[in-house]
Amino acid sequence: MVIIGRVYKLKKEGNQHCYIGSTYSPQLCIRMCHHRQAHRRKEKDYKGLFDGGDPEMEVLEIIHLDDKEDASRLRAAEEKWFQQTENCINLRRCHVTPQEKKELHDKSVKRYHQTPLGKLATRKATLNQKLKKYNNLIINDETTKQIKSEIKFLTELQKIMKEEVSGVRPYASSYKVS
Numbered sequence: 232m233v234i235i236g237r238v239y240k241l242k243k244e245g246n247q248h249c250y251i252g253s254t255y256s257p258q259l260c261i262r263m264c265h266h267r268q269a270h271r272r273k274e275k276d277y278k279g280l281f282d283g284g285d286p287e288m289e290v291l292e293i294i295h296l297d298d299k300e301d302a303s304r305l306r307a308a309e310e311k312w313f314q315q316t317e318n319c320i321n322l323r324r325c326h327v328t329p330q331e332k333k334e335l336h337d338k339s340v341k342r343y344h345q346t347p348l349g350k351l352a353t354r355k356a357t358l359n360q361k362l363k364k365y366n367n368l369i370i371n372d373e374t375t376k377q378i379k380s381e382i383k384f385l386t387e388l389q390k391i392m393k394e395e396v397s398g399v400r401p402y403a404s405s406y407k408v409s
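Count along the sequence shown from 1, then add 231; that gives the number in my numbering.
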């Protein structure tokens with residue numbers, strides 16, 4: 232079954248901003264309804280595109296898809312139009328290649344490991360590896376107890392820090408993990 236995908240642009244006369252989107256909805260009015268609802272609920276800031284009524288929806292490209300699993304081609308076309316268009320209000324990229332996705336993930340992990348919570352997680356992982364090694368070798372019961380004790384302490388510290396980051400409890404003190 233062939234599905235028709237469309238890349239579109241929302242624009243309004245007198246407004247410099249625009250929005251690039253894509254849909255495989257059979258009728259464009261359905262997609263417009265979703266945008267209108269997001270605007271009304273203040274879920275998205277359309278920078279005045281919906282002020283005084285709906286913006287104009289211009290179809291930029293039509294793509295024939297084999298099925299909804301083939302949607303990455305539609306997202307890639309949307310990304311192409313997004314890159315070519317000035318004053319887009321889109322907040323996120325439409326399509327990311329597997330290589331870009333890996334690079335973004337690696338960068339995100341690196342940033343996390345620089346945070347106090349990330350440093351705790353790294354230390355805890357190192358201790359767990361050491362504990363696993365000692366358990367396999369059946370070495371020094373006292374060392375194993377010490378490692379387990381430190382892991383327990385780090386787990387509690389992680390729990391407290393996560394609660395503070397999420398705002399569950401007020402920030403009591405600052406933690407320094409080296």
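Quick reminder that beta carbons are idealized off the backbone N, C-alpha and C, glycines included.
Looking only at its chain, what residues have a beta carbon closer than 6 Å to the beta carbon of residue i, apart from the 5 residues adjacent to it on each side?
i, result
"G245", "none"
Quick one: measure Cβ to Cβ for residue i and residue j, integer angstroms, because I've assumed they're closer than 8 Å.
i, j, result
"T328", "I251", "Actually they are not in contact, since the Cβ atoms of T328 and I251 sit about 18 Å apart, beyond 8 Å."
"K243", "L280", "5 Å"
"R306", "H326", "4 Å"
"M263", "D282", "Not really, about 15 Å apart at Cβ, beyond 8 Å."
"A308", "V238", "5 Å"
"Q377", "L351", "No, Q377 and L351 are not in contact; Cβ-Cβ is about 18 Å, not under 8 Å."
Please list, in chain order, all residues of the same chain as residue i whose beta carbon is under 8 Å from its beta carbon, the five residues on each side excluded.
i, result
"I382", "K355, L358, N359 and L362"
"K278", "N246, H248 and I320"
"L296", "V233, I234, I235, G236, Y255, A302, R304 and L305"
"E292", "R237, V238, A308 and W312"
Starting from the C-beta of residue i, find all residues in its chain whose C-beta is less than 7 Å away, skip the five residues before and the five after it, and write them out in chain order.
i, result
"D298", "M232 and I234"
Taking only the alpha-carbon atoms, compute the straight-line gap between residue i and residue j and give it to the nearest angstrom.
i, j, result
"L335", "R324", "12 Å"
"S409", "K393", "Confidence in S409 is poor, its pLDDT being 44 and thus under 50, which makes the residue's placement unreliable; the coordinate value appears in the next sentence. Each residue's alpha carbon lies about 18 Å from the other."
"H265", "T386", "43 Å"
"P257", "D337", "38 Å"
"I294", "M288", "17 Å"
"S404", "T346", "Confidence is the limiting factor: at S404 the pLDDT is only 45, short of 50, which leaves the residue's position unreliable, though a coordinate-based value still follows. Cα-Cα distance, rounded: 16 Å."
"E395", "T353", "19 Å"
"L348", "C260", "46 Å"
"H270", "Y365", "58 Å"
"Q268", "Q330", "35 Å"
"N318", "V290", "18 Å"
"K332", "S339", "10 Å"
"I391", "D276", "35 Å"
"L322", "T375", "49 Å"
"R272", "S253", "21 Å"
"L368", "E274", "56 Å"
"E372", "S397", "The question names Glu, yet the displayed sequence has Asp at residue 372. Cα to Cα, D372 sits roughly 38 Å from S397."
"Q314", "E300", "24 Å"
"F384", "E310", "46 Å"
"K379", "H344", "22 Å"
From the beta carbon of residue i, is the nearest beta carbon of chain B less than 8 Å away?
i, result
"V327", "Chain labels in this structure do not include chain B; a single protein chain is all it has."
Report task. For the stretch 346 to 405, list the beta strand (DSSP E) runs that are entirely contained and at least 3 residues long, ordered along the chain. Result -> None, since the stretch 346 to 405 contains no complete beta strand (DSSP E) of that length.
Query raised in the report: Taking only runs of the alpha helix (DSSP H) that begin and end inside the stretch 289 to 313, which ones reach a length of at least 4 residues, in chain order?
Result: Correct list: empty.
Requested in this report: Report the residue ranges of all alpha helix (DSSP H) runs contained in full by the stretch 322 to 346; include only those spanning at least 4 residues, in chain order.
Outcome: Entirely contained in the stretch 322 to 346, the alpha helix (DSSP H) runs reaching 4 residues are, in chain order, 329 to 344.
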